[in-house]
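The listed protein sequences correspond, in order, to chains U and F.
Count the first sequence with our numbering and you get residues 1 to 352, in order.
Count the second sequence with our numbering and you get residues 353 to 718, in order.
Below: one structure, written as structure tokens.
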Amino acid sequence: MSDTPQAGILSCPLPLQNYPRVLLAHGGGGTLMHTLIQNIFAETFRSEQQEADHDAARLDLEGGTIAFTTDSFVVHPLFFPGGDIGSLAVHGTVNDLCMAGATPRYLSCGFIIEEGLEMETLYAVAKSMKAAADEAGVQIVTGDTKVVDRGKGDGIFINTAGVGVIPDGRRIAPDLVRPGDAILVNGDLGRHGMAIMAARESLGFEATITSDSAALNSLIGELMDSGIEIHCMRDLTRGGLVSALNEIAGSAKRSIEVQEAGIRVQPDVAALAEVLGIDPMYVANEGRFALFLPDADVDKALAIMNKHPKGEGSVRVGTVLEDGEGRVSLKSRFGPSRILPMISGEQLPRIC
Amino acid sequence: MKHVEEYRDPEAVLALAKEIKRITTKPWTIMEICGGQTHSIVRFGIDELLPDEITLVHGPGCPVCVTGVGLIDKAIELARNPELIFCSFGDMMRVPGSDVDLLAVKAEGGDVRMVYSPMDALQIAEDNPDKEVLFFAVGFETTAPATAMTVAQAKEKGIHNFSLLVAHVLVPPAMEAILSMPGTQVQGFLAAGHVCAVTGYEEYHPISEKYAIPIVVTGFEPVDILQGMLYTIRQLEAGRNEVENTYSRIVRPEGNLAAMKLIGSVFDVVDRSWRGIGEIAASGWGLREEYHSFDAERKFNLGQQVAKENPICLSGQILQGITKPHECPAFGTLCTPEHPLGATMVSSEGACAAYYKYRRQTSTTA
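The structure is reproduced here in structure tokens:
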């Protein structure tokens, strides 16, 4: 792993003998995915503009600073309780821009469509994207369409890129996280991932779980405007709360303690997760984020968040600690603490 | 979830821990059989609530962990067959065979699918009549009824493109194997509640008598586990050795008679090779003669595999409770969930995975 590729010689820094091919687990949001991104993409595309470990790049241009991000969406099924691939493609990119402290403005959308897809389905997805963009106050201004042979796609894949404006003087990043900072989350956990699982895996569960997919720019705008000192934000997508906190703990070189008592999970989500042997703290959300801020601002922030429709049920989940090991731990209800490591690949359901 | 929360109630947990402390006067070594119990213990930190006198050793009750390398190699050979759809529980897909795991075969292009029930695999067979569909039937007595029902239905419906690679294993013979080992430390067992829900616990009486050991049928939530421990320690302190049931909300003495009848009609008791332990006589279930046409090992012409274990991996000793995960020199260094050397680091019920996930201790011997 420590081998540095020599200039001009194409060599892969990943331990190829272990993974000669890409596994699904390389997209699971865990350590495998981080190794892949770090060793293949970050190494190859390294640039000065690239801000380390953030959801969007911060670009200083003549006349101002913008945030720029991109995200691809391959969710199956295309329609699920609480959303669809179109609304998700808007929410995901809008939220990535917000996490960098930007006001989202413009999106692009690239469609990769599988031959044979029903036109009605495509239209429904496009309409949903438009509605989501209108609600979030962003415009979809450019796009691209490709069609691939039947069997070479999964209905529709969508890529959206987004641009937002970062006001002068605003910087939000993991390295601003301080010991004693509080960590707030804007609601219950695990709904998006479990809604998809329930819909996808034909588990025979009644589909009562609705995805939390939502654009967060209005809520985050209110927090920004209130004068609260925001140190860092991270959306809790793939890998859920625990992966997001591990990323920030690692970047900030500070340990984090999560209080089990602060974790909120809807009963139906908890029940399905229990049956599948999956921990909701590791399950993807599409409308939840973690907010790092000084302890003194907690009450004010929670008051604003709980009044906002996208922040009902906001709660403090943890605290940043003094020590520099960059670990995340959970203080259980019974007293003992345990480590909350980043997941390795995918969570595999247990068998009995 | 209400019924789960009841058994995670902090007050009840702390009261049980206090009572265990009060009655414990001597050192005792107790083995929890089931990997589900191991994970609960480590996840909730239950071992940290116990007095120093109590040593917990983690048993072989993770079906994924004990499935023989030879069978996994057969699974991998079958999964590479382009004519075949290979269905497996998720846990099994990352367990290394001699060379690779099933996820690697999937990435190579093998049609490997994760299912939640053998019935899903049968449905896939019905939906793909021009393909052979195979289910990797792994599990203890808990998953056997579902396997048995699936095979019985396949026969009834006349579905001929479906077969099973059967790896079912049985708990009581493994308990006896552990108790028969020279130098065994185990003085009491927490029996696996969900296994007993199927089989009942009548067959534990002779084991308890023969080896003079308390066996307490125990559930999986913190309150259940502490209750099982309290009963076991009470017996040990009083010099008794009996079979007791602390999981009576789920387990009846005779078990699930309908399930056992179905199992008896589909399976025979067979010898099985346990990963890390070796061959144990009469320790598994295999398909009866009238179901041989569904037996993948008979249906497909499989090459001769030479099963290779990673020489560094101590999973055998870990499965027998001789070594704790962090006492293995490879733990957390050469062997991690990203690069598991043995099955105990893979499965959600494996002891090494539990220690890695919740404790992240590094090897104490490296």
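A virtual CB, placed ideally from N, CA and C, is assigned to each residue, including glycine.
Treat the numbers as computed from the prediction; the structure is a model and nothing was measured.
Check whether chain F comes within 9 Å of residue i, counting only Cβ atoms and requiring the distance to be less than that.
i, result
"Leu-14 (chain U)", "Model confidence at Leu-14 (chain U) stands at a pLDDT of 45, short of 50, so the residue's coordinates are unreliable and nothing is read from them."
"Ser-255 (chain U)", "no"
"Leu-117 (chain U)", "no"
"Thr-208 (chain U)", "no"
"Ala-198 (chain U)", "no"
"Ser-2 (chain U)", "Any reading at Ser-2 (chain U) needs caution, since the residue's pLDDT is 36, under 50, leaving its predicted position unreliable; the model's value is listed next. Ser-2 (chain U) does not count as touching chain F."
"Thr-35 (chain U)", "yes"
Where does residue i fall in DSSP's three states?
i, result
"Pro-77 (chain U)", "coil"
"Ile-674 (chain F)", "coil"
"Gly-164 (chain U)", "strand"
"Gln-266 (chain U)", "coil"
"Val-90 (chain U)", "helix"
"Phe-646 (chain F)", "helix"
"Arg-395 (chain F)", "helix"
"Pro-341 (chain U)", "coil"
"Asp-472 (chain F)", "helix"
"His-26 (chain U)", "helix"
"Gly-442 (chain F)", "helix"
"Gln-38 (chain U)", "helix"
"Met-119 (chain U)", "helix"
"Thr-419 (chain F)", "strand"
"Thr-390 (chain F)", "helix"
"Ser-515 (chain F)", "strand"
"Glu-631 (chain F)", "strand"
Would you say residue i reaches chain U, if we count a Cβ-Cβ gap shorter than 9 Å as a contact?
i, result
"Val-356 (chain F)", "yes"
"Tyr-553 (chain F)", "no"
"Val-394 (chain F)", "yes"
"Ala-718 (chain F)", "At Ala-718 (chain F), the pLDDT of 40 sits below 50, so the modelled position is not reliable and the matter cannot be decided from this model."
"Tyr-599 (chain F)", "no"
"Val-418 (chain F)", "no"
"Arg-360 (chain F)", "yes"
"Leu-408 (chain F)", "no"
"Glu-384 (chain F)", "no"
"Ile-372 (chain F)", "no"
"Leu-455 (chain F)", "yes"
"Glu-435 (chain F)", "no"
"Glu-400 (chain F)", "yes"
"Tyr-583 (chain F)", "no"
"Tyr-468 (chain F)", "yes"
Who are the neighbours of residue i on chain U, taking C-beta pairs under 8 Å?
i, result
"Gly-397 (chain F)", "Ser-332, Phe-334, Gly-335, Pro-336, Ser-337 and Arg-338"
"Tyr-710 (chain F)", "Arg-338 and Ile-339"
"Val-447 (chain F)", "Those within 8 Å of Val-447 (chain F) in chain U number zero; the least Cβ separation is about 10 Å."
Under 7 Å between beta-carbons, which chain U residues line up against residue i? List them in chain order, please.
i, result
"Lys-660 (chain F)", "Going along chain U, no residue has its Cβ under 7 Å from Lys-660 (chain F), so there is no contact; the nearest lies around 16 Å."
"Ala-459 (chain F)", "Arg-21, Val-22 and Leu-23"
For residue i versus residue j, is the C-beta spacing smaller than 9 Å?
i, j, result
"Tyr-563 (chain F)", "Leu-531 (chain F)", "yes"
"Thr-696 (chain F)", "Ala-682 (chain F)", "no"
"Phe-652 (chain F)", "Asn-513 (chain F)", "no"
"Ile-85 (chain U)", "Val-125 (chain U)", "yes"
"Ala-271 (chain U)", "Val-90 (chain U)", "no"
"Thr-353 (chain U)", "Gly-110 (chain U)", "As displayed, chain U neither begins before 1 nor continues past 352, which places residue 353 (chain U) out of reach and without an answer."
"Asn-662 (chain F)", "Leu-693 (chain F)", "yes"
"Glu-229 (chain U)", "Asp-297 (chain U)", "yes"
"Ala-496 (chain F)", "Trp-637 (chain F)", "yes"
"Lys-483 (chain F)", "Glu-435 (chain F)", "yes"
"His-76 (chain U)", "Asp-154 (chain U)", "yes"
"Ala-519 (chain F)", "Arg-624 (chain F)", "yes"
"Arg-238 (chain U)", "Gly-27 (chain U)", "yes"
"Ser-211 (chain U)", "Gly-287 (chain U)", "yes"
"Leu-330 (chain U)", "Glu-260 (chain U)", "yes"
Just the chain F side, please: which residues come within less than 8 Å of residue i by C-beta, in chain order?
i, result
"Ser-344 (chain U)", "Thr-688, Pro-689 and Glu-690"
Counting only Cβ pairs nearer than 7 Å, list the residues of chain F close to residue i.
i, result
"Leu-388 (chain U)", "One cannot answer for residue 388 (chain U) here, as it falls past the ends of chain U, which runs 1 to 352."
"Glu-62 (chain U)", "Per Cβ cutoff of 7 Å: no residues; Glu-62 (chain U) is ~44 Å from chain F at best."
Just to confirm, does residue i get its C-beta within under 8 Å of one of the non-hydrogen atoms of the ligand NAP?
i, result
"Thr-536 (chain F)", "With respect to small molecules bound, the structure shown includes none, and the ligand NAP cannot be examined in it."
What residues of chain U sit near residue i, judged by a beta carbon separation below 9 Å?
i, result
"Leu-366 (chain F)", "Phe-334 and Gly-335"
Mind checking if residue i is an interface residue toward chain A, Cβ cutoff 9 Å exclusive?
i, result
"Asp-235 (chain U)", "Looking for chain A here will not work: the only protein chains present are U and F."
message = Please identify, using Cβ separations under 9 Å, the residues of the segment 563-579 of chain F that lie next to chain U, in order along the chain.
response = Answer set for the segment 563-579 of chain F: Pro-574.
request  = Using a Cβ-Cβ cut-off of less than 9 Å, give me the residues of the segment 97-110 of chain U that come near chain F, in sequence order.
outcome  = When C-beta distances to chain F are compared with 9 Å, every residue of the segment 97-110 of chain U stays at or above that value.
query = Listed from N- to C-terminal order along the chain, which residues in the segment 514-534 of chain F have their beta-carbon within a distance smaller than 7 Å of any beta-carbon of chain U?
reply = Per Cβ criterion, the list is empty.
query = Taking any Cβ of chain F, which residues in the segment 259-285 of chain U have a Cβ under 7 Å from it, in chain order?
reply = So the list reads Pro-267, Ala-270, Ala-271, Glu-274 and Gly-277, given in the order they occur along the chain.
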